């Protein structure tokens with residue numbers, strides 16, 4: 007006879023609040039449980055397995071490039087007992103984590119090169135102190151779109167000065183800062199991580215960016231390493247999720263839950 011669990015029992019086994027069990031049901035992250043005549047939910051080992059995988063999927067918060075969406079899709083496919091789809095998505099998830107790990111490692115290399123003074127592209131331009139560009143000119147100068155530049159500003163990565171007429175102006179210091187942001191974004195580094203790295207500049211936008219980055223060496227590398235650590239944990243969880251899904255497919259395919 008199949009073992010069953012109450013909401014409280016299932017919550018206790020997983021180590022969550024009973025309300026979280028109900029929330030997962032409402033969000034279709036687990037299969038809808040059957041109910042007793044009195045309305046009490048009846049959970050089975052299927053729900054326990056689904057919760058184990060869901061908790062693994064959501065344990066590490068990585069939002070960029072669709073990783074979070076992929077994690078949700080895996081959990082929902084598992085809730086629908088579509089194990090083939092969930093397994094396929096988990097394989098895609100593993101590959102995407104590998105890709106993001108490569109991008110993060112590349113970003114670390116970029117930052118270290120800048121700190122060592124090997125990236126001439128982030129140094130001072132000829133005629134330092136003379137640049138005074140508008141938004142469209144700056145976007146063209148950096149080879150990015152105006153929307154990208156606006157997005158960086160809205161996310162707090164750059165504070166822009168204005169002329170008396172209200173028009174934005176970008177100085178040589180701003181351009182150096184934007185070149186660093188552009189390099190890290192090209193390596194698919196998150197806006198949040200870049201903001202952490204550049205927080206020291208927030209109080210004084212005119213601060214020399216090279217000096218700030220040199221002073222924040224440990225902070226910069228730590229931010230990069232933290233992302234790599236998160237990706238490493240996500241990769242380990244993804245392997246466990248894939249293994250669990252293969253086991254669940256074998257366990258439940260003969261008598262698939264309704």
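In the numbering used here, the protein residues as written are 7 to 264. Where is the CB? At the ideal position from N, CA and C, for every residue including glycine. All figures in this text were calculated on a predicted structure; none of them were measured in a lab.
Please return the same chain residues whose Cβ sits closer than 7 Å to the Cβ of residue i, not counting the five positions on each side in sequence.
i           : result
residue 157 : none
residue 142 : 152
residue 10  : 48, 49, 50
residue 92  : 80, 83, 84, 251
residue 95  : 76, 79, 80, 83
residue 254 : 55, 89
residue 191 : none
residue 41  : 47, 48
residue 127 : Because residue 127 carries a pLDDT of 43, less than 50, the predicted location of this residue cannot be relied on, and the following value inherits that uncertainty. Result list for residue 127: 185, in chain order.
Can you tell me whether residue i sits near the ligand FAD, meaning its C-beta is under 7 Å from at least one heavy atom of the ligand?
i          : result
residue 16 : Looking for the ligand FAD in the displayed structure turns up nothing, as the structure carries no ligands at all.
Should residue i go down as buried or exposed, given a rule of 16 or more other Cβ atoms within 10 Å for buried?
i           : result
residue 180 : buried
residue 53  : buried
residue 36  : buried
residue 161 : exposed
residue 244 : buried
residue 38  : exposed
residue 146 : exposed
residue 33  : exposed
residue 65  : exposed
residue 249 : exposed
Assuming residue i and residue j make a contact with CB atoms under 8 Å, what is their CB distance in whole Å?
i           : j           : result
residue 105 : residue 234 : About 13 Å separates the two Cβ atoms, so there is no contact after all.
residue 241 : residue 100 : 7 Å
residue 247 : residue 76  : Not a contact, Cβ separation roughly 11 Å.
residue 150 : residue 159 : Not quite, the Cβ-Cβ distance comes to about 12 Å (not below 8 Å), so this is no contact.
residue 201 : residue 163 : 6 Å
Excluding the 5 residues flanking residue i on each side, which residues of the same chain have their C-beta closer than 8 Å to its C-beta?
i           : result
residue 111 : 234
residue 14  : 24
residue 148 : 155, 181, 184, 185, 188
residue 8   : 50, 51
residue 279 : Past the boundaries of the shown model lies residue 279; the chain is included only from 7 to 264, so the question cannot be answered.
residue 17  : 23, 24, 26, 27
residue 97  : 248
residue 102 : 71, 72, 73, 76
residue 259 : 89
residue 238 : 107
Excluding the 5 residues flanking residue i on each side, which residues of the same chain have their C-beta closer than 6 Å to its C-beta?
i           : result
residue 20  : 57
residue 30  : 36
residue 197 : 161
residue 12  : none
residue 173 : none
residue 177 : 137
residue 144 : 176
residue 60  : 35, 81
| Given 8 Å, three or more beta-carbon pairs between the region 39-47 and the region 75-93 | no
| task | Return the chain-ordered ranges of every alpha helix (DSSP H) run that is complete within the region 44-119 and spans a minimum of 4 residues. | result | 51-65, 73-85
| field | Continuous beta strand (DSSP E) assignments of at least 3 residues falling wholly in the region 167-191 | value | 174-177
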